[in-house]
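Notes follow the structure.
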Amino acid sequence: MDTSVKYVRGPTTHDRTFLEEVIAQTPVDDPRLAYCVQCGTCGGSCPSGADMDYSPRELFAMIDANMREEVLSSNTPWYCVSCYYCMVRCPQDVHITDVMYTLKRMAVREGFSHESNAKDAPDFSETFIDFVENYGRSFELGLATLYHLRHHPLNAVRMATGMGFDLFRKGRMNLLPTRIENIDQLKAILAEAKAIGGNGDANL
Amino acid sequence: MNENGKPKFGMYWASSCGGCEISVLNIGEHILTVDEVFDVVFWPVATDFKYEDVRGYPDGYIDLCLFNGAIRNSENEEMAHLLRQKSKVLVAFGSCAYEGCIPALANFTSREAIFQTVYLDSPSVDNPGRVIPQPVTAVPEGQLHIPEFYNTVKSLDQVVDVDYTIPGCPPEPHQIWAVLQVVVAALTQGAELPPKGSIIGAKETAVCDECLHPKSEKKIFRFYRPYEKVPEPGVCLLEQGIVCMGPATRGGCGALCPQVGMGCRGCYGPLGGVADQGARMLSAVASVIGVGEPEMDERMLEREFETVMDTLVDPAGTFYRFSMAHSLLKRAKIKD
Amino acid sequence: MPQERIGVYVCHCGSNIAGTVDVEELTAWAGEALRHRGVVVARDYKFMCSSLGQDLIAKDIKEDALTRVVVAACSPHLHEATFRKACADAGMNPYLCELVSIREQVSWVHTDKAAATAKAKAVISGGVERVIHHAPLEPMSVPINPATLVVGGGIAGIQAAMEIADSGFHVYLVEREPSIGGHMAQFDKTFPTLDCAACILTPKMVSIGSHPHITLLTYSEVEQVDGYVGNFNVTVRKKASYVNSDLCTGCSVCEEKCPKSVIDPVFEAGLGYRKAIYRSFPQAVPKFPVIDADNCIYFDTGKCKACEIHCEAGAIDFEQEDQILELNVGNIILATGYDLFDARRETQYGYGRLANVFTSLEFERLTNAAGPTNGNIVLRDGETTPKSVGIIHCVGSRDRKFNNYCSVICCMQSLKFAHLVKERTGAEVFNFYIDMRTAYKEYDEFYQRVLSEGVHFIRGRVAEVTDVSNTPEEEDKLVIQIEDTRIGRQRRIPVDMVILSAALEPRHDSDEVAHQFGISCSVNGWFIEKHPKLDPVATMTEGIYIAGCAQGPKDIPSTVTQGAAAAARVLGRIQQKEMALEPIRAEVTEALCSGCRICNNLCPYTAIVFDEAKEVSVINAALCQGCGTCVAACPSNAISGTQFSNEQVMAQLHGLLMLNIMEPVVS
Amino acid sequence: MNNEQFEPVIIGFTCNWCSYRAADLAGTARVKYPPNVRLIRLMCSGRIDPTFVLQAFAGGADGVLITGCHPGECHYLEQNLKALRRTMLLQRTVAQFGIEPERVRLVWASAAEGVYLANAITEMVEEIRALGPLNWPQVAALNGKSHVLTPAIASVVVSEELVEAAI
Amino acid sequence: MQTYSYYPGCALERNAAVYHDSLMAVAESLDLTFTEVADWNCCGATEYITIDLIPAYALVGRNLALAAEQNCNGRSLVAPCSACFLNLKKADHYLAQSPELNRKVNQALAAGGLHYEPGSVHVKHLLEIITEDVGFEKVARAVKRPLFGLKIAPYYGCLIVRPVFDGTFDDAEQPTSMDTLMRTIGAEVVDFPAKAQCCGGHMTQISEAVALHLIHQLLKNAVDHGADVIAAICPMCQLNLDAYQDAVNKHYGTNFHIPILYFTQLLGLAFGFGEATMGIGQELVDARPALANIQVKPLKPVKRKRPSKTELPMPPKLQEVRSCLKNE
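Protein chains in written order, with my numbering: chain A, 1 to 204; chain B, 205 to 540; chain C, 541 to 1207; chain D, 1208 to 1374; chain E, 1375 to 1702.
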């Protein structure tokens, strides 16, 4: 990006391909993203809204303006806590949380996910699903340790001595993950699912 | 050939059960009058005339020809054309000739399926060569021909021009006699014949008009097949849920069936101006299904209706028992 | 049957039709291909509905001895009457003219010219086949009863009733509540001029109460409506008020003495109290109180009778019963108004949970000098004057979960509130809006005025009103959390009072009322007008008119305009003295009826009766509405339906499909 | 038959008070839908006579759309329920004739639902397109005169000329 | 006796084992049988969906398919974890809504020999089953030792009340079912306006500051209103409020010591089970001091201060009029 340009370059075309792409990759036929009236109910409702670089409302306007790079490198989707306040309050019934998931997937797929200050979030998700794919169950101790060892070695130490240790002491953490019996079946399903999804996502 | 000067009478039996012929005989001693008035020149069931004889008659030779039976095969059709050519007045006699009747229920299936059942699948069949009738068979001596079996049964008026129609399965003897009297009067006293195309030997109103059961407003909550219910005497059968085609069927029969507790089956065909007897009855019956309120949720409504309609088994067979060939659709579509 | 001589007329409608349908080809085709069906003239013209276009038809009828006319133009709902009249003027029975739609149903909905032209041919072919089977008909003429029923005594009903009664015709004004006045009587000031609502409304109410041509039926509801335009039979239930209005002087001593005080959910919007015997408000018209039997101690326990004891006129009558009145009227105006959106349903705004969240109607009472606080703007404790007030727009409006429409009045109302708060308390005022809608005479000027008064305007829809405090300054306050969309940031604004500008909703029973009067409601529940632009106060049902918020949210000027407009329409009808009804009826041919009685319970208007002597069913032409259900159900073809006969429909069907064989549909 | 996309012909019966007005509204709002449907105005969906539907099929229509006011909103109070009953019974009946019941569709559309009606029409056109042509005149003409039986059960072969002659 | 299929979810295996133990005990007291779906897998939490769409739905789809397969007489599927509950319910809902998604997910399931027909499993949260299917009357009958005097802040969190699919059983903003449930077992329910706010979810791992802010807000709100205990219905909520209380205190200089118990633990105590059986003590903030507040007799009702003459009436609460409202 040309950082010398201080203003947001206004969209020069009325091309809505990015908007259409986001809509197509969000489950249910119409996530109603095109109906956003910019009222800001989502931004106002968001528990982590104060820390987002763009409010969801702004992000939707940017999607409509085809500002692909700016949208996908924003921390906004990664700061979504999936509380669904925006979705139940949105007067236009935009499926905001689902759109956030879509943006996260697009960001991961297109290599933007480490652009924002929430750059650890995708790794947390990936560590999580590693366990799910190999064991069929998630695994708190392993997840925490692996994730922190990879990204926050200092935290890993703090985890092990502090709260993590407390949890372990109280018998609230497993040392070994549980593996489901028919893990082969699950693997086959996920492999097929990935194949159908193609490069991450299929248009829906 | 006008040896005795009497008008010439013919009767032919195409695809039908023979009941019509019996019904003619059932006019009792009046049959003697028929013999007295007419010179029978063709009546295979009663007299020994051959097709060749008919072919030999001049056109319009037969004054009155009663044609009973549907057009099921090429022989029926050929005879329809022949008799049309040789007759002054051609009458579609009985339900088969008029509207296809029971033979036309075959229009719900196909020739192939019929042959399959009759010549191959039926448990009593012994047909190791899997032989199926062919219109033309080559033998050393040459070619053998038999009539071709059609896929679709037709009514007489669908192959030739018909002057009058006498409905009924079979037409009631008193109606036959009434018609014959009119014809005899026309032939002997120069009285006027009804306009061409008329349906004669029947009434202008429905069977209900003749039915003695008192009638009231109708609301049907479930349907019964004849074996499912002993009808309450003196109550309109339709009101009891027994499908009675009376309201949609031309009267003239004397409402014989409903009077003995059997719902009218519709053999006298539709009333004047009705294009499709089955659709009429369907509309009437559906209109008086008693369940369902406008306030109900749509799904609920549909469920209620479906429950009632589930008790009406085989609606097409019920509504089109006699009129299939003459209905708007004429036959069913058979999937390949 | 001798062949008819048919004229086919194709309208271009400017480019509306001609832009999508090849009208020249269509016309040439009709003249050629349909000649064997009797088409002797086929013409196209730029605007068939213009007088020149009509003249064209009239000329052909006279010169070419046409016996049938088919016009291919717009929807019959628009111009059927026009072309029928043109034919009638030229000496042809108007019912021998058929208008087929190639605009609404062809040119406007299709894009491919070839396909649209092909479809237009089919449509014309259908019309030609159908018109062959038309029969000349004579409309039925009904006298118009000059009396009118107005339902609803708000400002719309008041206006309509006044206009008609002032013209010398009788009006029955039916109102559900004990007094007329409606919502307007609850308001203090009206935007944008800020006149006092009572000052402009009360004189009108008084003249209604004393008008010689108005029968005022308050505390009454319509129970049943029968009949048709010109001759409606209306059954009204006048609820027992337990006060003899012939004796009552309206002194209000009974109200003072009544020991039972209850919250008044209607006039005081739940913010104030009334007695068990009450008038809605002191200037109520009529002036007589009613006893609310559900809350009356005497009706509950058999003891008390304080009102009776203190009534010098002896007007209290505990034995009074509901009265059923039968009214005969020629026309009906429905002005049933609106309900306020129940703001408790938007849980995140805390109404009903948080004391200092008020609805707009509550706030109207709060500012009203005759209201529970004598016009003092105070918090729910009744004492504290707020130092900061937030006003939230679009509560329950423009929201797919509740009402997806704009309630029209909320922006202006909120501006009025902001002004009043500022003027009377000096508090900080925040308006939270999605879009500011001030489109009407003097409205935006009012916005400018409020802007100049130092009111804060924050663009954004409030996310929530909460009592969860994060900082000391938020303690004991209502915190309004919002994204201020001007800056793209979340803001938390602590205030003392929140006012919710709640949506206007159709009356909760609008569906039932519509059904009762035989009109329709839109998806949202508002009564549907005959035409949204050109006939906004008439309905699809002849003789029934609508006015005011029952038709859709609107402000006072528009409401009054509609009331007057509906009255003008009714007056026009009354002046006609009689009117022609479409001769679309079902008839039994007795000679064909077998008396099977299939049809007998199919008619919702009980127009079909069974003649026991003749054993045939008979249709009462005055009651028949022409739906044709019995025609379709008659198994023996004994019932025929004029203008929608089996022959006509079957012929049209044949015509529509005939073309299939001639020309396939073009994709 | 050419290999162009099959364009079905659908006859639509509309109620004067709701669905015909919905169709008008669709026009006024310039909502687009395929030109395959041809509408007939009735006063009420209760006027629908199964005969009309069968006549439409017999006359070459590929589908029939019946439209009326929503239950509870009938201009004539509850006549639309009669339309519903007739349609449901008719669907059962035509199924026995080998006609897919989907070819008879009942849609409720109020006068306000122009877009909804247009969508319903579009949807139906696609559905019928997927079902393929019904071609009833050809079906009814199949009386077996035209083809020769082979010893095995002959599949139905229809000569073009004969069909044309029959039509 | 009502039987349900039971989907515990990963957390209930270990971290929230007390939730599992206590709910099983409570179920028995209420005549409920929970049959665990054999060989269930993780629901993917909120993580899988952020990486890959079809696999995320296929993952949940496998659970639904297994539940449907093993659920021979049309029982409902109960999930005690709010995230699992939502994932299962949402997947079922979206599969039904989107034929394309349904086709793809079922194509994936077919690779494992499974098939799921949307709508065939009715997913319910444990709280929904206890408050709606069982009902407060039956709960009241099972109470042996009412929790008189214990001040509870019922904490619902997000995913049980949001998003609103057709037929969500409680209000999305101010739910009340657990309030009534806690009153039914004799406890005092404190006003807790933050009851449906977010606990921060996985933000503890991504931006601790954001998470601590949210946890702090919840703890403060409960404590401000005098709660002894917060009742939780989701392992994630419990973990965040319990395990990060220390961190909140450090970060904000506060001194919160409010125990977070699963609502089933509280039900169990009221039904007469011992503290040990209910796993009391496994929480990081010890609940025993708070539980000592339980009285033998109910507290005297606090007299509502007489409304002043000037006070204006409040509108009735929505619940009281809910039945007569449109669209409810």
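Where a beta carbon is used, it is the ideal one built from N, C-alpha and C, also for glycine.
Strictly under 7 Å for the Cβ-Cβ distance: is residue i near chain A by that measure?
{"i": "Ala1442(E)", "result": "no"}
{"i": "Ile974(C)", "result": "yes"}
{"i": "Glu1023(C)", "result": "yes"}
{"i": "Asp1545(E)", "result": "no"}
Does residue i have its Cβ less than 7 Å from a Cβ in chain E?
{"i": "Gln1056(C)", "result": "no"}
{"i": "Glu1013(C)", "result": "no"}
My guess is that residue i and residue j are in contact by the Cβ rule of under 8 Å, so how many angstroms apart are they, rounded?
{"i": "Thr1182(C)", "j": "Pro1093(C)", "result": "Rounded, the Cβ-Cβ distance is 41 Å, inconsistent with contact."}
{"i": "Phe526(B)", "j": "Ser299(B)", "result": "5 Å"}
{"i": "Ser937(C)", "j": "Gln860(C)", "result": "Not really, about 42 Å apart at Cβ, beyond 8 Å."}
{"i": "Leu991(C)", "j": "Val682(C)", "result": "Actually they do not touch by this definition, with Cβ atoms about 57 Å apart."}
{"i": "Pro56(A)", "j": "Cys42(A)", "result": "4 Å"}
{"i": "Phe1264(D)", "j": "Leu533(B)", "result": "7 Å"}
{"i": "Val1597(E)", "j": "Pro1633(E)", "result": "About 12 Å separates the two Cβ atoms, so there is no contact after all."}
For residue i, would you say it is in contact with chain B, using Cβ-to-Cβ distances shorter than 7 Å as the test?
{"i": "Ala1347(D)", "result": "yes"}
{"i": "Ala1173(C)", "result": "yes"}
Rounding to the nearest angstrom, what Cα-Cα distance links residue i and residue j in this structure?
{"i": "Asp1075(C)", "j": "Glu620(C)", "result": "16 Å"}
{"i": "Val690(C)", "j": "Leu880(C)", "result": "22 Å"}
{"i": "Glu256(B)", "j": "Gly264(B)", "result": "16 Å"}
{"i": "Phe1549(E)", "j": "Thr887(C)", "result": "With the sequence shown as reference, residue 1549(E) is identified as Pro, and Phe is not the correct amino acid for it. Roughly 10 Å between the two C-alpha positions."}
{"i": "Arg1436(E)", "j": "Thr127(A)", "result": "21 Å"}
{"i": "Ala1147(C)", "j": "Arg1254(D)", "result": "16 Å"}
{"i": "Ala308(B)", "j": "Leu1296(D)", "result": "22 Å"}
{"i": "Ser1353(D)", "j": "His349(B)", "result": "In this predicted model, Ser1353(D) has a pLDDT of only 39, less than 50, meaning its place in the structure is not dependable; the value taken from the coordinates is given anyway. For Ser1353(D) and His349(B), the distance between alpha carbons rounds to 16 Å."}
Are the C-beta atoms of residue i and some chain D residue less than 7 Å apart?
{"i": "Glu200(B)", "result": "Lying outside 205 to 540, the shown extent of chain B, residue 200(B) is not represented and no answer is given."}
{"i": "His1224(C)", "result": "The first residue shown for chain C is 541 and the last is 1207, placing residue 1224(C) beyond what the model contains."}
{"i": "Leu486(B)", "result": "yes"}
Taking Cβ positions only, does residue i come closer than 7 Å to chain C?
{"i": "Glu126(A)", "result": "no"}
May I ask whether a heavy atom of the ligand NAD can be found less than 6 Å away from the beta carbon of residue i?
{"i": "Ala909(C)", "result": "With respect to the ligand NAD, the structure offers nothing, as it holds no ligand at all."}
- Query: So does the segment 1082–1098 of chain C actually touch the segment 871–882 of chain C, counting three or more Cβ pairs closer than 8 Å?
  - Reply: Contact annotation: the segment 1082–1098 of chain C touches the segment 871–882 of chain C, with at least three C-beta pairs closer than 8 Å.
- Query: Is it true that the segment 1279–1292 of chain D meets the segment 1313–1328 of chain D, where meeting means three or more beta-carbon pairs spaced less than 8 Å apart?
  - Reply: Contact holds: three or more Cβ-Cβ distances are below 8 Å.
- Three or more C-beta pairs below 8 Å linking the segment 1451–1471 of chain E and the segment 1378–1398 of chain E: Counting Cβ pairs under 8 Å, three or more are found: they touch.
- Message: When you compare the segment 1465–1477 of chain E with the segment 30–40 of chain A, are there three or more beta-carbon pairs, one atom per stretch, that lie closer than 8 Å?
- Response: No, because fewer than three Cβ pairs between the segment 1465–1477 of chain E and the segment 30–40 of chain A fall closer than 8 Å, the two stretches do not touch.
- Query: Can you list the alpha helix (DSSP H) stretches of 4 or more residues lying completely in the segment 1407–1446 of chain E, in chain order?
  - Reply: If we require 4 residues or more, the alpha helix (DSSP H) runs fully inside the segment 1407–1446 of chain E come out as 1422–1425, 1427–1444.
- Mind listing, in chain order, the continuous beta strand (DSSP E) runs of no fewer than 3 residues lying wholly within the segment 875–957 of chain C? Those beta strand (DSSP E) runs which fall completely within the segment 875–957 of chain C and span 3+ residues are 878–880, 897–899, 928–935.
- Segment contact flag, the segment 912–930 of chain C with the segment 1015–1035 of chain C, C-beta cutoff 8 Å, min 3 pairs: Short answer: they touch.
- Query: Mind pulling the alpha helix (DSSP H) runs of 4 or more residues that sit fully within the segment 596–636 of chain C?
  - Reply: Qualifying alpha helix (DSSP H) stretches, in chain order: 616–629.
- Inter-stretch contact at 8 Å, needing at least 3 Cβ pairs: the segment 122–139 of chain A / the segment 1409–1428 of chain E: Two segments are said to touch when three or more pairs of C-beta atoms, one from each, lie closer than 8 Å; by this definition the segment 122–139 of chain A touches the segment 1409–1428 of chain E.
- Does the segment 1127–1136 of chain C come close enough to the segment 405–422 of chain B that 3 or more CB-CB pairs lie under 8 Å? With a cut-off of 8 Å, the segment 1127–1136 of chain C and the segment 405–422 of chain B count as touching, because enough Cβ pairs lie within range.
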